[in-house]
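**Student:** First to last, the protein sequences are chains A, B, C and D. For the first sequence, the numbering used here gives the first residue as 196, with consecutive numbering after it. For the second sequence, the numbering used here gives the first residue as 196, with consecutive numbering after it. For the third sequence, the numbering used here gives the first residue as 196, with consecutive numbering after it. For the fourth sequence, the numbering used here gives the first residue as 196, with consecutive numbering after it. Here a beta-carbon is modelled for each residue, glycine too, at the ideal position from N, C-alpha and C. It should be emphasised that the depicted structure is a prediction, and the values quoted were computed from it without experimental measurement. Quick one: the structure is below, questions incoming.
Protein chains: 4
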Amino acid sequence: MVEELGRRTWIIAEGYIPGESYDANPTRAMASHETACILNATDQPAAIEITLYFSDREPVGPYRLTVGARRTHHLRFNDLDDPAPVPRDTDFSSVIRSSVPIVVQHTRLDSRQPPHALLTTIAWPA
Amino acid sequence: MVEELGRRTWIIAEGYIPGESYDANPTRAMASHETACILNATDQPAAIEITLYFSDREPVGPYRLTVGARRTHHLRFNDLDDPAPVPRDTDFSSVIRSSVPIVVQHTRLDSRQPPHALLTTIAWPA
Amino acid sequence: MVEELGRRTWIIAEGYIPGESYDANPTRAMASHETACILNATDQPAAIEITLYFSDREPVGPYRLTVGARRTHHLRFNDLDDPAPVPRDTDFSSVIRSSVPIVVQHTRLDSRQPPHALLTTIAWPA
Amino acid sequence: MVEELGRRTWIIAEGYIPGESYDANPTRAMASHETACILNATDQPAAIEITLYFSDREPVGPYRLTVGARRTHHLRFNDLDDPAPVPRDTDFSSVIRSSVPIVVQHTRLDSRQPPHALLTTIAWPA
C-alpha cells in the first residue's frame with residue numbers, strides 16, 4: 196500500500212500557549228498546551244520544518260523533526276526548544292513544511308482555570 | 196433525487212479518547228468520547244473502512260461499518276473493537292474510506308472534569 | 196458592489212441539540228443551542244432549503260427560510276418547526292442549499308452544565 | 196525567500212462578542228473576545244479591509260489595518276472602533292480582504308462564566 200494523503204505545506208494562523216495551568220504541577224495530559232497533530236500516512240519518513248511568526252519580531256525557525264512512515268505525531272509547541280523555546284502568553288502563527296504529504300490539525304488544551312477548555316481546527320494547506 | 200455530496204476519503208489527524216469521565220458511571224451522553232460524524236446523503240449504502248495510525252506502532256485496521264443510504268452515523272471511536280479496541284489516553288489519527296461520497300466531521304466530548312469541554316472540526320478530504 | 200462570496204450547497208455532518216440547560220428557564224443567549232451561521236454577502240435575497248438527516252429514519256425537510264441581501268442569519272436549529280420540530284438529544288446532519296452563494300459555519304453552545312461549552316467549524320461546501 | 200501563502204479574501208460567518216466577562220475588570224487575556232488571527236507570511240505589508248455584516252442593518256466598514264511583512268496579527272473585533280465600535284451581544288459575520296495573500300483563523304474566548312470556553316475554526320477563503 197503506497198499512499199499519499201495530504202499536502203506538503205500547512206499553516207496554523209492561531210497560536211498561543213497559555214503560560215499557566217491551574218495545577219502548578221500538572222500532569223502532562225492536563226498542562227496547558229498547543230498542539231499540531233501531524234499524520235504521515237505515506238511509506239516514507241516525513242522531514243518536517245516549522246517556522247513561527249510573531250507580531251513584533253522576525254520569524255523564528257526552522258524547527259526540525261521527523262515523523263515516521265505510517266505514524267502520527269501530536270507535536271506540542273511547548274516542547275520545541277531549538278533554535279529557541281516558544282514564548283508563553285504570546286500570539287504566534289506557524290508554517291509547517293514536509294518532505295512528503297501530511298495532514299495537520301490544530302488543537303489547544305487551556306487549563307488556566309479548572310476545568311480545561313478545548314479548541315481544534317483543520318489547518319490551512321498551502 | 197440521486198445526489199452525491201462529499202468525498203470518498205477523509206482524514207482526522209487528531210484523535211484521543213480521554214480514559215476517564217468525572218462520573219465513574221457516566222451516561223452515554225456524558226461519557227468522554229471521540230466521534231466521527233458521517234453523513235451519507237447518497238441513495239446507496241456506504242461501505243466504510245477506517246484505519247487508525249499511532250505514534251509508536253503500525254496502523255490498525257480496517258474497522259468496517261455500513262452507513263445506510265440517506266442516513267447519518269455519529270460513530271464513536273470508543274465503540275470500535277474489531278480488529279482491536281482503541282486504546283485510551285493515546286494519540287492517534289484516522290483515515291476513513293467509503294464506497295460512496297460522504298462528509299465527515301470530528302467531535303470530542305471530554306468529561307474528565309465537570310463540566311465537559313467540546314471541540315469539533317471538519318475532517319480533511321483526500 | 197456586486198459580489199458573490201461562497202457556495203450554494205453546504206453540509207454540516209455533526210448535529211445535536213442538547214435537551215437540557217442547567218438553568219430550567221435559561222435566557223435565549225444561554226439556552227443550549229445548535230446554530231448554522233449563514234452569510235449572504237450578495238445583493239439578492241437567498242432562498243434557503245435545509246434537509247435534516249437522521250440515523251434511523253428518512254430525511255426531513257425541506258425547511259425553508261430567506262436570508263436578505265447583505266445580511267447574516269445565525270439560524271438556530273432549535274427554532275425550526277415546519278415541517279417538524281428538530282428532536283432533542285438526537286444525532287442529525289444537515290444539508291443547506293441556497294439560491295445564491297453563501298458561507299455557512301456551524302456553532303453549538305452546550306449549557307447542560309454550568310459553565311457552557313462551545314464548538315465551531317466551517318461547514319463543508321459541496 | 197519570497198513566499199505567498201494563503202488567499203486575499205476570507206469570510207468568517209460566525210461572529211459574536213459576549214457583552215460580559217465574569218470578572219468585571221478582567222485582564223486582557225481573560226476578557227471575552229472575538230478574534231481573527233491573520234498571518235501575513237509574504238515579504239510585503241498586507242493592507243487589510245474588513246466589512247461587517249449584520250442581521251438587521253446594512254454592512255459596516257471598511258475597517259482598515261496593516262499587518263507587516265512576515266508578521267501575525269491576532270485582531271480582536273473588540274478593538275475595532277472606526278468607522279464604529281462592534282456592538283456586543285450581537286450576531287455578525289465578517290469579510291476580510293487583503294492586498295497580499297494571508298491566512299485567517301477565527302477564535303473566541305467566552306468568559307461570561309468561569310471558567311472560559313473556547314472555539315476556533317479556519318475561516319472560509321473566497
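1) CB-CB under 6 Å to R230 of chain B, same chain, minus the five flanking residues each way: which ones, in chain order?
2) Indicate whether at least one CB of chain C lies closer than 7 Å to the CB of H268 of chain B.
3) Buried or exposed: which applies to T222 of chain B, given that a residue is buried once 16 or more other Cβ atoms fall within 10 Å of its Cβ?
4) Does Y248 of chain A come within less than 7 Å of chain D when only Cβ atoms are used?
5) Would you mind sorting T261 of chain A into buried or exposed? The rule is 16 or more other CB atoms within 10 Å of its CB.
6) Please report the distance separating the alpha-carbon of T188 of chain C from that of V290 of chain C.
7) Check whether the Cβ of I291 of chain A lies closer than 7 Å to any Cβ atom in chain D.
8) Tell me which residues of the stretch 216-240 of chain C have at least one Cβ-Cβ distance to chain B shorter than 9 Å, keeping chain order.
9) For V316 of chain B, return the contacting residues in chain D, with the cut-off set at a CB-CB distance below 9 Å.
10) With DSSP as the reference, please indicate the residues paired to H311 of chain B in a beta bridge.
11) DSSP beta-bridge partners for D329 of chain B?
12) Any beta-carbon of chain D closer than 7 Å to the one on D276 of chain A?
13) Which stretch, first to last residue, makes up the beta strand (DSSP E) that contains E244 of chain C?
14) With distances taken from CA atoms, which of C:V295, C:R252, C:L275 is nearest D286 of chain C?
15) Nearest-angstrom Cα distance between S216 of chain D and D305 of chain D?
16) Quick one: complete beta strand (DSSP E) runs, 3+ long, within the stretch 207-292 of chain A?
17) State yes or no: is the C-beta of L234 of chain B within less than 7 Å of the C-beta of A208 of chain C?
18) Name the DSSP beta bridge partners of V298 of chain C, please?
19) Considering only residues of the same chain and omitting the five flanking positions on each side of M225 of chain B, which have a CB-CB separation below 6 Å?
20) Smallest Cα separation from W319 of chain D: which of C:A219, C:V299, C:H311, C:T315?
21) Might you give, ordered along the chain, the residues of its own chain that have their beta carbon closer than 6 Å to the beta carbon of D284 of chain B, omitting 5 neighbours on each side?
22) Quick check on DSSP: helix, strand or coil for I317 of chain B?
23) Closer than 7 Å, CB to CB, is V197 of chain A near chain B or not?
24) Spatial neighbours of P309 of chain C within its chain, please: CB distance less than 7 Å, with the 5 preceding and 5 following residues excluded, ordered by chain position.
25) Go ahead and label P296 of chain A buried or exposed: buried means 16 or more other beta carbons lie within 10 angstroms of its beta carbon, across all protein chains shown.
26) So A241 of chain A packs on S293 of chain A, CB below 8 Å; how close in whole Å?
27) Please compile the residues from chain B whose C-beta is within a distance smaller than 8 Å of the C-beta of V299 of chain A.
28) Any beta carbon of chain C sitting closer than 7 Å to that of L200 of chain B?
29) List the residues that DSSP assigns as beta-bridge partners of R202 of chain B.
30) Once the 5 residues before and after S250 of chain D are set aside, which same chain residues still bring their CB inside 7 Å of it?
31) With a CB to CB cut of under 6 Å and the five nearest residues on each side skipped, what residues in its chain are close to H228 of chain D?
32) Comparing the C-beta of P254 of chain B with each C-beta of chain A, is any distance below 7 Å?
33) Going along the chain, which residues of its own chain have a beta-carbon closer than 6 Å to the beta-carbon of T267 of chain D, five neighbours each way excluded?
**Tutor:** In short, the structure shows the following:
1) Within the second sequence, the letter at position 35 stands for residue 230 of chain B. The sequence given here places Thr at residue 230 of chain B; Arg does not occur at that position. So the list reads H269, R271, T302, once near-sequence residues are dropped.
2) Against the second sequence, residue 268 of chain B aligns to sequence position 73. So, interface residue.
3) The count along the second sequence starts at 1 and reaches residue 222 of chain B at position 27. By the 10 Å Cβ count, T222 of chain B comes out exposed.
4) For this step, residue 248 of chain A is matched to residue 53 along the first sequence. Closer than 7 Å to some Cβ of chain D, the Cβ of Y248 of chain A qualifies, so yes.
5) Here residue 261 of chain A refers to the residue found at position 66 when the first sequence is read from its first residue. T261 of chain A should be labelled exposed.
6) Summary: the structure shown does not reach residue 188 of chain C, with chain C confined to residues 196 through 321, and so no result is reported for it.
7) As a first step, residue 291 of chain A must be located in the first sequence, where it is residue number 96. It does not: the Cβ of I291 of chain A has no partner Cβ on chain D nearer than 7 Å.
8) Y217
9) On the second sequence, position 121 is the one that residue 316 of chain B refers to. Correcting the residue type first, residue 316 of chain B is Thr in the shown sequence and not Val. Correct list: T315, T316, I317.
10) Along the second sequence, read from residue 1 onward, the residue named residue 311 of chain B stands at position 116. In the DSSP output, where bridge partners are listed per residue, H311 of chain B has none listed.
11) Examination of residue 329 of chain B is not possible in this model, given that chain B is present from 196 through 321 alone.
12) Taking the first sequence and counting its residues from 1, the one referred to as residue 276 of chain A is at position 81. Taking Cβ atoms only, chain D never reaches closer than 7 Å to D276 of chain A, which makes this a no.
13) Looking up residue 244 of chain C in the third sequence gives position 49. First-last of the beta strand (DSSP E) with E244 of chain C: 241-249.
14) Position 91 of the third sequence, counting from 1, holds the residue named residue 286 of chain C. Considering only alpha carbons, the answer is C:R252.
15) For this step, residue 216 of chain D is matched to residue 21 along the fourth sequence. For this step, residue 305 of chain D is matched to residue 110 along the fourth sequence. C-alpha separation (whole angstroms): 8 Å.
16) 228-235, 241-249, 255-262, 266-271, all fully within the stretch 207-292 of chain A.
17) Stepping through the second sequence from its first residue, residue 234 of chain B is reached at position 39. Stepping through the third sequence from its first residue, residue 208 of chain C is reached at position 13. Yes.
18) Reading the third sequence from its first residue, position 103 is the one you call residue 298 of chain C. Paired residues: C:L234.
19) Within the second sequence, numbered from 1, the residue matching residue 225 of chain B stands at position 30. Hits under 6 Å: S306.
20) Here the question's residue 319 of chain D lines up with position 124 in the fourth sequence. Checking every option, the nearest Cα to that of W319 of chain D belongs to C:V299.
21) By one-based count along the second sequence, residue 284 of chain B stands at place 89. Contacts found: G214.
22) For this step, residue 317 of chain B is matched to residue 122 along the second sequence. DSSP places I317 of chain B in strand when its eight states are reduced to three.
23) Position 2 of the first sequence, counted from the first residue, corresponds to residue 197 of chain A. Any answer about V197 of chain A is weak, because its pLDDT of 43 lies below 50 and its placement is not dependable; what the coordinates show is given next. Chain B contact via Cβ: absent.
24) Here residue 309 of chain C corresponds to residue number 114 of the third sequence, with the count starting at 1. Result list for P309 of chain C: Y217, in chain order.
25) Residue 296 of chain A sits at position 101 when you count from the first residue of the first sequence. Buried, because 16 or more other Cβ atoms sit within 10 Å of the Cβ of P296 of chain A.
26) On the first sequence, position 46 is the one that residue 241 of chain A refers to. On the first sequence, position 98 is the one that residue 293 of chain A refers to. Right, their Cβ atoms sit about 5 Å apart.
27) As a working note, residue 299 of chain A is residue 104 in the first sequence. Within chain B, the residues near V299 of chain A are A208.
28) The residue given as residue 200 of chain B occupies position 5 in the second sequence. Yes, L200 of chain B counts as interfacial toward chain C.
29) Looking up residue 202 of chain B in the second sequence gives position 7. Partner(s): B:I297.
30) Residue 250 of chain D sits at position 55 when you count from the first residue of the fourth sequence. If we look at S250 of chain D and ignore the five residues flanking it on each side, its Cβ neighbours are D286.
31) The residue you call residue 228 of chain D lines up with position 33 of the fourth sequence. Cβ within range, chain order: R271, N273, L304.
32) By one-based count along the second sequence, residue 254 of chain B stands at place 59. With 7 Å as the cut-off, P254 of chain B counts as an interface residue toward chain A.
33) Locating residue 267 of chain D in the fourth sequence gives position 72, where the first residue counts as 1. Taken in chain order, the residues that qualify are L234.
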